[in-house]
Amino acid sequence: MKFLVCISNVPDTTTKISFTPDNKEFNKAGVQFVINPWDEYALTRAIELKEANAGSTVTVLNVGEADTEPNIRKALAIGADDAIRVNAAPQDAYFVAEQIAAVAKDGAYDVILMGKESIDYNGFQVHGMVGEMLGIPTVAPAMKLDLAGTTATLEREIEGGKEIVQVSTPFVASCQQPMCEPRIPNMRGIMTARTKPLKVVPAVGEPARTQVAEFALPPKKQGVRLIDAANAGELIQLLRSEAKVI
Amino acid sequence: MSVLVAVECAEGEVKKSSLEVATYGARVAAMLGTTATAIAVGEASEAGLAKLGEQGIAKVLYDAEPRLKDFVNNAYTKLIAAAAEQEQAKIIVLANSNIGAAVGSRLSVRLKASLATNVVALPKTDGGQFTVKRGAFSGKAFSDVVLSGERKIIALKKNSIEASHEAGKTAEVAAFAAQLADADFADAPQQVVMQEQTGGVLLPEAALVVSGGRGMKGPENWHLIEELAQALHAGTACSKPVSDVDWRPHHEHVGQTGITISPNLYIACGISGAIQHLAGVNSSKVIVVINKDPEAPFFKAADYGIVGDVFDVLPKLTAAVKALN
Ligand SMILES: Cc1cc2nc3c(=O)[nH]c(=O)nc-3n(C[C@H](O)[C@H](O)[C@H](O)COP(=O)(O)OP(=O)(O)OC[C@H]3O[C@@H](n4cnc5c(N)ncnc54)[C@H](O)[C@@H]3O)c2cc1C
Ligand SMILES: Cc1cc2nc3c(=O)[nH]c(=O)nc-3n(C[C@H](O)[C@H](O)[C@H](O)COP(=O)(O)OP(=O)(O)OC[C@H]3O[C@@H](n4cnc5c(N)ncnc54)[C@H](O)[C@@H]3O)c2cc1C
């Protein structure tokens, strides 16, 4: 089995979000970038399935500029065999999907795993686009993934429940908890990661179909109105008469 | 040129989030001087669909193929694409649900359309550009995105707009056959397992939500959360550590790595208000925090707060709600 795991480079979850003064770009100053938390499920599950299926390989793929390489190396340290970086700023989801589809086709991967969504752009879309570009099924978001030969059984979360879906390779799945316990790199992994192959390839395809015109932060809260615990029922009155939400 | 809205149905009724989608589509159509047509997916009924007139929909297309009852990505994509072709729809609106966004992303490739998911407001069309506002950075920010393609697909975040209800108006329900083949159902689910929701309220669609954190001490105390939720007809949610240790099911976990919700009211009980938790809930219209620690960071993000013990405060709130009703 050839696994392709797509990882996105995103601001750490504790990041206070701010923008450049014209509100046109995310302010990266002082921001720590991490592997998108959902992509860690994809990566770990791919490594587990590789270990269970002799002769398998796990390739990580990122569409990004050279500053994403520390996180690509981290993925190699966690246990991927090799890596590909498409050398381009990720302009939009369609552009990213084109790059992933081109790499996937080129390398004839059997299983393409992604995260549920990126925590910076929250698209929940790249996996569907890649599946459509390659003419193969996408299962998103998947909470469970098992492989028996070329048949995969997945649990897909739907609002209010789940579906059990079976697909054959090749397919795309986007992963989320509780699929596995994401692994962290160990010392040996970090040492070997340095010498694992990381190939840099140029971008392909058409230009982006969407552009961010401006970013904005949510409006600030007015400040909290405290109600005495002894008089807790008063809160309910206020929610009805003042806030008018119940 | 027209607007096409894809509405998801369950048990013969259009889902709440799809009523919002229909309202949104009808408003966009009015802005552009055209009409909005709906295409139904899921377990629909003619009577349920006709009611979409109340949201300003003129016509509803309905394919009675029984296998469309469950979500089948390929079949849904083909169905909606066929409807878009027939109606010459330039704008397609879906719910930003696990169904709508999944289908929307496939459709965007098939129809060569610009796609914006997680959209929170009506488009702006000044200056010849089509711009939508969408949530980004997991609830921590918004971005205005220009959709440049001739065709545009919008996935509308739940609870972003209120569905309109013009009583008495009905939509024409028209049969539609997308000529689906067996191959289109190859990725049909083998089995669908629905989970029981507190009071039958689906969290992503809930207008009111009561949520518990580690301060609730253990799953045996969750009846306090459930009783308040039931009195309010609210959904229930929890913080990440609570679902990590299986006090509550994973689908209730809200936050940066769970689901993001924007109900009208979010009541946080024994939750400290970590930045990752806030990201998932801070677009709620009104936030109430109950925490025994006056320094808990959540109070900074709250509209109303009670500094107190959840075990003392929750029963009082439930009693007060019951007294109101
Ligand atoms: C300077 C800058 C400007 C940007 N401007 C725009 C813009 O105008 N419009 C716009 O749509 N986006 C813009 N982006 C966001 C960026 O293009 C996103 O990476 C892209 O849109 C995909 O994010 P998503 O949330 O749609 O992905 P999702 O669909 O949520 O991601 C799902 C999965 O796809 C995979 N994936 C996502 N991105 C990558 C990647 N880069 N490499 C490998 N795998 C990946 C991951 O597995 C991820 O979990 C900008 C980013 C930057 C840095
Ligand atoms: C990568 C990453 C992603 C994350 N994603 C998420 C996410 O999506 N969602 C999320 O929720 N968290 C997330 N977290 C975890 C987050 O950082 C916090 O650890 C978590 O939100 C804390 O949960 P809590 O508020 O329930 O517990 P705690 O922080 O332990 O807070 C419990 C609170 O209860 C109060 N309390 C205790 N007893 C009582 C009582 N009797 N009456 C009233 N109040 C009481 C305490 O004062 C305290 O404020 C993430 C963390 C990381 C690193």
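Which chain is which? The protein sequence lines are A and B, in order.
With this note's numbering, the residue at position 98 of the first sequence is 98, and numbering never jumps.
Take the position in the second sequence, starting the count at 1, then add 246; the result is the number in this note's numbering.
Backbone N, C-alpha and C fix where the C-beta goes; we use that ideal spot for every residue, glycine too.
Its chain contains Val63, Gly64 and Val96 as the residues whose beta carbon lies nearer than 7 Å to that of Pro90 of chain A, once the 5 sequence neighbours on both sides are disregarded; these appear in chain order. Between Gly135 of chain A and Met440 of chain B, the CB-CB gap reaches or exceeds 8 Å. Put simply, the segment 224-232 of chain A does not touch the segment 319-331 of chain B. Fewer than three CB pairs are less than 8 Å apart. Using a Cβ-Cβ cut-off of 8 Å, Gly554 of chain B counts as an interface residue toward chain A, since at least one Cβ of chain A sits closer than that to its own. Just measuring C-alpha positions, the residue of B:Leu353, B:Ala565, B:Val366 and B:Ile521 sitting nearest Lys404 of chain B is B:Val366. Under the DSSP assignment, Asn320 of chain B falls in the alpha helix (DSSP H) whose first and last residues are Asn319 to Glu333. Relative to ligand 2, the beta carbon of Phe95 of chain A is positioned no closer than 7 Å to any heavy atom. In the displayed model, Ser118 of chain A falls within coil according to three-state DSSP, outside both helix and strand. Not a single CB atom of chain B sits nearer than 8 Å to the CB of Asp39 of chain A.
With a threshold of 16 other beta carbon atoms within 10 Å, Thr503 of chain B meets it and is buried.
About 6 Å separates the beta carbons of Val201 of chain A and Ile84 of chain A, which is inside the 8 Å limit, making them a contact pair. Contact between Leu474 of chain B and Leu570 of chain B does not hold, since the beta-carbon distance rounds to 12 Å and is not under 8 Å. Against chain B, a Cβ distance below 8 Å from Ile17 of chain A picks out Phe383, Lys386 and Ala387. Burial is judged here by how many other beta carbons sit within 10 angstroms of a residue's own beta carbon; Val491 of chain B has fewer than 16 and is exposed.
Gly481 of chain B has a beta carbon lying at 8 Å or more from every beta carbon in chain A. Buried is the label assigned to His523 of chain B, since at least 16 other Cβ atoms lie within 10 Å of its Cβ. Bounds of any beta strand (DSSP E) do not take in Tyr41 of chain A; it lies within the alpha helix (DSSP H) bounded by Pro37 to Ala52. Residues of the segment 358-370 of chain B with a Cβ closer than 7 Å to any Cβ of chain A, in chain order: Ser360, Leu361, Ala362, Thr363 and Asn364. Nearest to Arg397 of chain B by alpha-carbon distance, out of B:Ala420, B:Ala434, B:Ser410 and B:Ser354, is B:Ser354.
If you keep only unbroken alpha helix (DSSP H) runs of at least 4 residues inside the segment 501-566 of chain B, you get 521-527.
The three-state secondary structure of Glu155 of chain A, taken from DSSP, is strand. Taking 7 Å as the cut-off, one finds no heavy atom of ligand 2 near enough to the beta carbon of Ser263 of chain B.
For Leu198 of chain A, the enclosing beta strand (DSSP E) stretches over residues Leu198 to Val201.
The C-beta of Asp146 of chain A comes no closer than 8 Å to any C-beta of chain B. Within 7 Å of the C-beta of Ser168 of chain A there is not a single heavy atom belonging to ligand 1. In the three-state reduction of the DSSP assignment, Leu250 of chain B falls in the strand class, which pools E and B. Looking only at B:Gly271, B:Thr377, B:Ala427 and B:Lys358, the smallest Cα-Cα distance to Leu314 of chain B is reached by B:Ala427. Look at Asn537 of chain B: its C-beta is not under 8 Å from any C-beta on chain A.
Within the chosen limit of 7 Å, ligand 1 does not reach the beta carbon of Tyr270 of chain B with any heavy atom. At a threshold of 7 Å, Lys562 of chain B does not count as near ligand 2, since its beta carbon sits no closer than that to any of the ligand's heavy atoms. Here Tyr308 of chain B is bridged, per DSSP, to B:Ala421. Listed in chain order, the non-local C-beta contacts of Ala102 of chain A below 6 Å within the same chain comprise Val204, local neighbours out to five positions each way being set aside. Annotation: Cβ neighbours of Phe124 of chain A in chain B (cutoff 7 Å, chain order): Ala347 and Thr363. For Asp12 of chain A, no chain B residue has a C-beta closer than 7 Å to its own C-beta; the minimum C-beta separation is roughly 10 Å. Relative to Ile521 of chain B, the option among B:His411, B:Cys255, B:Lys538 and B:Lys546 whose CA is nearest is B:Lys546.
Interface annotation for the segment 116-140 of chain A against chain B: Ile119, Asp120, Tyr121, Asn122, Gly123, Phe124, Gln125, Val126, His127, Gly128, Met129, Gly131, Glu132, Met133, Pro137, Thr138, Val139 and Ala140, criterion Cβ-Cβ distance under 8 Å.
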